[in-house]
Amino acid sequence: MRKLILGLILCGLAIAETDLTGKWTGGPFHLNLKQNGNKLTGTAGPGDSEQYPLLDGVIDGDHVTFHVGTIQFDLKVEGATIKGEMKADTQAIPVILQRVDAQQAAGPPLFEVASIKPSPSEEGRGSNMRLDPGRLTCSGVTLKRLLMRAYNLRDYQISGPEWLDSER
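All residue numbers for the sequence shown refer to my numbering, where the first residue is 307 and numbers rise by one.
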């Protein structure tokens, strides 16, 4: 009886250490997981706007299994990483997911100071964007290009006055 109770306590501790609740991402996948004991629920998909229900999620120590539609996931938890494979029909594809921490979930870092000045016309048509630790320096870059890079947008997704494309 003592061995059974000790085994249940140790199993409970292993489950408690492997709390997968939260956001996970890797490659084309974004997971939103909710753990309740050894049961796992949530959603998975290519982005936050396109998510599908996670079904039959089970956590056994560091081993995690679930499926999304007809795709079966067989994974192992390694700290803030989940590795394994997903199987679709007979094809197995490797999967590596990283926990999205609170800082990443909050969005991009903010700048304390920003200075934007028009580039003199004699600089020509060339442009330069340089990222150093704690500093982004751009010269000869249009505001439209800055917006496209900052928010990963395409040209057709930004509209505004004509000078967005010409003023540097």
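Glycine included, each C-beta is placed from N, C-alpha and C at the ideal position.
Residue i classed as buried or exposed, judged by whether at least 16 other C-beta atoms fall within 10 angstroms
| i | result |
| --- | --- |
| LEU337 | buried |
| LEU392 | Strictly speaking, residue 392 in this sequence is Met, with Leu absent from that position. Under this definition MET392 is a buried residue. |
| LEU361 | exposed |
| VAL419 | exposed |
| MET307 | Model confidence at MET307 stands at a pLDDT of 43, short of 50, so the residue's coordinates are unreliable; what they give is reported in the following sentence. So MET307 ends up on the exposed side. |
Backbone secondary structure at residue i - three-state DSSP
| i | result |
| --- | --- |
| ARG455 | helix |
| LEU381 | strand |
| LYS329 | strand |
| ASP354 | coil |
| SER445 | strand |
| LEU360 | coil |
| ALA412 | With a pLDDT of only 49 at ALA412, under 50, the local geometry of the prediction cannot be trusted, and the value read off the model is given with reservation. The answer is helix: DSSP assigns ALA412 an H, G or I state. |
| ASP395 | coil |
Pick from the options that is closest to residue i, judged by C-alpha positions
| i | options | result |
| --- | --- | --- |
| GLY328 | ASP362, VAL374, ILE388 and GLY375 | ILE388 |
| PRO424 | VAL401, GLN397, GLY367 and LEU449 | LEU449 |
| GLY367 | ASN344, VAL401, ALA420 and ARG436 | ASN344 |
| SER433 | LEU339, PRO426, ILE422 and VAL447 | VAL447 |
| PHE372 | SER355, ALA394 and GLN404 | ALA394 |
| GLU384 | ARG436, GLN404 and ASN342 | GLN404 |
| MET435 | PRO400, ARG474 and THR347 | ARG474 |
| LEU381 | TRP330, THR443 and LEU470 | TRP330 |
Nearest-angstrom Cα separation, counted from residue j out to residue i
| i | j | result |
| --- | --- | --- |
| GLY351 | ARG441 | 34 Å |
| ALA412 | LEU453 | In this predicted model, ALA412 has a pLDDT of only 49, less than 50, meaning its place in the structure is not dependable; the value taken from the coordinates is given anyway. Each residue's Cα considered, the two are about 19 Å apart. |
| GLN378 | VAL406 | 22 Å |
| ALA386 | SER472 | 45 Å |
| VAL374 | TYR358 | 7 Å |
| PRO426 | GLU468 | 18 Å |
| THR376 | ALA456 | 36 Å |
| GLY332 | SER465 | 31 Å |
| LEU459 | ASP354 | 17 Å |
| LYS340 | GLY363 | 10 Å |
| LEU326 | TYR462 | 38 Å |
| GLU356 | ILE402 | 20 Å |
| ILE365 | ARG451 | 45 Å |
| THR396 | SER445 | 52 Å |
| VAL370 | ALA398 | 16 Å |
| PHE335 | PRO400 | 12 Å |
| SER421 | GLY390 | 46 Å |
| LEU346 | LEU470 | 47 Å |
Near the ligand MN: residue i beta-carbon under 6 Å from a heavy atom
| i | result |
| --- | --- |
| MET454 | In the structure on display, the ligand MN does not appear, and there are no ligands present to speak of. |
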